[in-house]
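Residue -18 is where the sequence shown starts when you use this note's numbering, and the numbers rise one by one after that.
Using N, Cα and C, we set each Cβ at its ideal position, and we do this for glycine too.
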Amino acid sequence: MTRYNIALMPGDGIGPEIVAEGVKVLEAVAANGGFTLDWDIFPHGADHYLATGELMPEETLKDLAKHDAIYFGSIGDPRVAPGILEKEILLKMRFYFDQFVNLRPVKLFDGVETPLAHKTASDIDFVVIRENTEDFYVGIGGRASPGKGRQELTVLRELYNVKFGLDIDCDGDELAYQIGVLSRKGCERVMRYSFDLAVRQGRGKVTAVDKANVLTHMYGMWREVFGEVAAGYPQIASEFNFVDAITMWFVKNPEWFDIVVAPNMFGDIITDLGAMISGGLGLAAGGNINPDGLSMFEPIHGSAPKYKGLGVANPLATIWSGALLLEEIGEAAASQQVLDAMHAVLSERKVLTKDFGGTASTSDMGNAIVAKLQ
-18 MTRYNIALMP GDGIGPEIVA EGVKVLEAVA ANGGFTLDWD IFPHGADHYL ATGELMPEET
42 LKDLAKHDAI YFGSIGDPRV APGILEKEIL LKMRFYFDQF VNLRPVKLFD GVETPLAHKT
102 ASDIDFVVIR ENTEDFYVGI GGRASPGKGR QELTVLRELY NVKFGLDIDC DGDELAYQIG
162 VLSRKGCERV MRYSFDLAVR QGRGKVTAVD KANVLTHMYG MWREVFGEVA AGYPQIASEF
222 NFVDAITMWF VKNPEWFDIV VAPNMFGDII TDLGAMISGG LGLAAGGNIN PDGLSMFEPI
282 HGSAPKYKGL GVANPLATIW SGALLLEEIG EAAASQQVLD AMHAVLSERK VLTKDFGGTA
342 STSDMGNAIV AKLQ
């Protein structure tokens, strides 16, 4: 029997509740599929940080590296200043393990309502591939007061190390600046992943998102590399969309899209829109993927601390993220079984959580998915 060692990080807020349902579902489908999931729990999050002062030390990262995948709940807590947990735990893992693909499926299930008039499940079924380690999310920048100064900014990545030495001469009011970085290799690998996914899933088109008409340097190179990669896949159609235009087309004609590949910041923005048109954040699954290394799977919604302990959070995004985990570790049939069970429950509309207008609890939804699997 195949055994997989999975790192489990429930996180903050509703994280432990939704992860518990995800584990329940994955255990059920593993029993069907004849494989075993061994869980190692990592407590890192707000409670752990406030009790110990520890965020994500090097020793923990090395321990995580021994696992087959990471299953993550959510992070964020009002007791901790915004950005600390996200940057020092979540983003640190993404960068450390070079999880350069952020995969977010956008799919409307039968039985789920969309705010888009006259659109059905056949119209909304695409995947957004967000580059996950570059762009403006490298997190470098600063502020300058009037006068002269200098700042050294460094980006350390698996692909490169780059340093910026900035001489600043500010003769006006205080200013702030943020620097984005794209590398040719970083663009190429996420675009190649997108075309390969289109081939694997039998999809016909890959759409690249940018704002090259204004941010000409970074996104000009993004367009250039996309054209080079697309030339190697003549059987797959390719096109460009400006980020502002694609938000409009997601609403008006979502059926136009198969695979969408976007830089980090734009990908973050458009996937929240994708979640809303396909039923809301309760169905927003995500994977942070290194195809040749350790990948991490999580719902894209936050920790929702005001709902902590109430048992009303929708666990389906977490369960779907678990299905993505199964596919990545090589259990594609089990992954599809989870999706089929989700479809069956949602299409019946007998078990619906609060966000879908129902009264089912978090555990009720998990139990309903397990029942379909059994």
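- In its chain, beyond the 5 residues on either side, V171, P244 and N245 have a beta carbon closer than 6 Å to the beta carbon of E112.
- Between G130 and I149, the CB-CB gap stays under 7 Å.
- Annotation: W301 is outside any beta strand (DSSP E); the continuous alpha helix (DSSP H) that includes it extends over L297 to E309.
- For the beta strand (DSSP E) assignment, the uninterrupted runs of no fewer than 3 residues enclosed by the region 186 to 247 are, from N- to C-terminal side, 186 to 191, 218 to 223 and 240 to 243.
- Cβ-Cβ distances below 6 Å link G3 to T299, I300 and G303 in the same chain, with the five nearest sequence neighbours on each side left out; the list follows chain order.
- Membership of A125 in the beta strand (DSSP E) is indicated by the continuous run D116 to A125.
- When DSSP states are grouped into helix, strand and coil, E155 belongs to the coil group.
- The shortest CA-to-CA distance from E69 to any of F107, G34, V93 and G123 is the one to G34.
- In this structure, V241 lies away from V82, with their beta-carbon atoms at least 7 Å apart.
- Per DSSP, reduced to three states, the secondary structure at R75 is helical.
- Nearest Cα to A189 within the set T17, G213, A218 and Q182: A218.
- A direct Cα-Cα distance of roughly 11 Å separates L156 from G122.
- In the three-state DSSP reduction, Q80 falls in the coil class, being neither helix nor strand.
- Nearest neighbour of G14 by Cα position, chosen from F53, A315 and G283, turns out to be A315.
- A check of alpha carbon separations from E(-2) across E205, G347 and K331 identifies G347 as the nearest.
- In this model, P235 and Q132 are separated by some 44 Å (Cα to Cα).
- DSSP places S55 inside the beta strand (DSSP E), whose first and last residues are A50 to S55.
- In the displayed model, P(-9) falls within a strand according to three-state DSSP.
- In this chain, the beta strand (DSSP E) harbouring N269 covers A266 to I270.
- Looking only at D106, T114 and G57, the smallest Cα-Cα distance to K166 is reached by T114.
- Here the C-alpha atom of E312 lies approximately 28 Å from the C-alpha atom of D249.
- Judged by beta-carbon spacing, L84 lies within the 7 Å limit of I270, meaning their Cβ atoms are closer than that value.
- When the alpha-carbon of E308 is set against those of K192, K331 and D49, the nearest one is in D49.
- For R170, there is no enclosing beta strand (DSSP E); the residue is found in the alpha helix (DSSP H) stretching over R165 to Q182.
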